[in-house]
Amino acid sequence: GREGKIAKPRQLHNTHWGMVCPAETPEGQACGLVKNLALMACISVGSYSAPVIEFLEEWGLESLEENAHSSTPCTKVFVNGVWMGVHRDPANLVKTIKKLRRKDDISPEVSVVRDIRERELRLYTDAGRVCRPLFIVENQQLALQKKHIKWLNQGYRDE
Numbered sequence: 001g002r003e004g005k006i007a008k009p010r011q012l013h014n015t016h017w018g019m020v021c022p023a024e025t026p027e028g029q030a031c032g033l034v035k036n037l038a039l040m041a042c043i044s045v046g047s048y049s050a051p052v053i054e055f056l057e058e059w060g061l062e063s064l065e066e067n068a069h070s071s072t073p074c075t076k077v078f079v080n081g082v083w084m085g086v087h088r089d090p091a092n093l094v095k096t097i098k099k100l101r102r103k104d105d106i107s108p109e110v111s112v113v114r115d116i117r118e119r120e121l122r123l124y125t126d127a128g129r130v131c132r133p134l135f136i137v138e139n140q141q142l143a144l145q146k147k148h149i150k151w152l153n154q155g156y157r158d159e
């Protein structure tokens with residue numbers, strides 16, 4: 001009957017953390033079934049992939065044809081799901097992309113996923129992705145400092 005509620009569809013999956021609000025849900029029958037976007041999450045508007053592709057080509061992206069018979073381990077690079085080529089130093093490439101994104105040289109909406117096990121680097125610039133804010137940690141230290149919070153409250157921007 002109605003009393004025996006199934007719990008599984010009402011629970012949040014671990015991958016939804018920061019994207020779906022764990023608390024905001026209606027009372028009654030639909031409790032847990034209707035899910036809302038988390039407060040700090042946003043939906044990506046999308047940006048052109050051309051600047052990202054140009055950057056990759058300048059920073060050592062090798063075409064698939066050049067690497068067809070190479071025995072050197074390379075990381076596959078995808079932009080919006082399209083295999084663009086391979087790269088020999090993915091760690092440095094990811095570090096550079098993140099630095100450019102933080103300086104606003106490439107769109108802050110560009111998502112970077114490095115899958116070390118699969119040897120893949122996936123970049124996304126398309127619209128409709130759920131994005132969430134993350135804290136930046138460098139050398140096991142939080143990069144966010146009290147001065148940054150103060151600047152935000154005062155409306156300053158770190159150049």
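Numbering-wise (full-length UniProt numbering), the sequence shown opens with residue 1 and increments by one. Beta carbons are placed, not taken as given, at the ideal position from N, Cα and C, and that holds for glycine. Every value quoted in this text rests on a predicted model; they were computed, and no experiment measured them.
Quick one, are the C-beta atoms of residue i and residue j less than 9 Å apart?
i	j	result
Val-82	Val-52	no
Glu-120	Val-113	yes
Val-86	Leu-123	no
Arg-101	Pro-108	yes
residue 195	Gly-128	Nothing about residue 195 can be reported from this structure: the residues present for the chain run from 1 to 159 only.
Ala-50	Val-20	no
Which of the three DSSP states, helix, strand or coil, is assigned to residue i?
i	result
Lys-35	coil
Thr-75	strand
Glu-54	helix
Ile-43	strand
Arg-117	coil
His-148	helix
Gln-29	helix
Gly-1	Model confidence at Gly-1 stands at a pLDDT of 41, short of 50, so the residue's coordinates are unreliable; what they give is reported in the following sentence. The answer is coil: DSSP assigns Gly-1 none of H, G, I, E or B.
Please classify residue i as buried or exposed, where buried requires at least 16 neighbouring CB atoms within 10 angstroms.
i	result
Leu-61	buried
Ser-70	exposed
Trp-17	exposed
Leu-38	In the sequence on display, residue 38 carries Ala and not Leu. Flag for Ala-38 reads buried.
Could you spell out where the beta strand (DSSP E) holding residue i opens and where it closes?
i	result
Arg-10	From DSSP, Arg-10 is part of no beta strand (DSSP E); its letter is neither H nor E.
His-87	82–87
What first and last residue would you give for the alpha helix (DSSP H) that runs through residue i?
i	result
Val-94	90–102
Going by DSSP, which residues form a beta bridge with residue i?
i	result
Arg-122	Phe-78 and Val-113
Leu-142	Val-137
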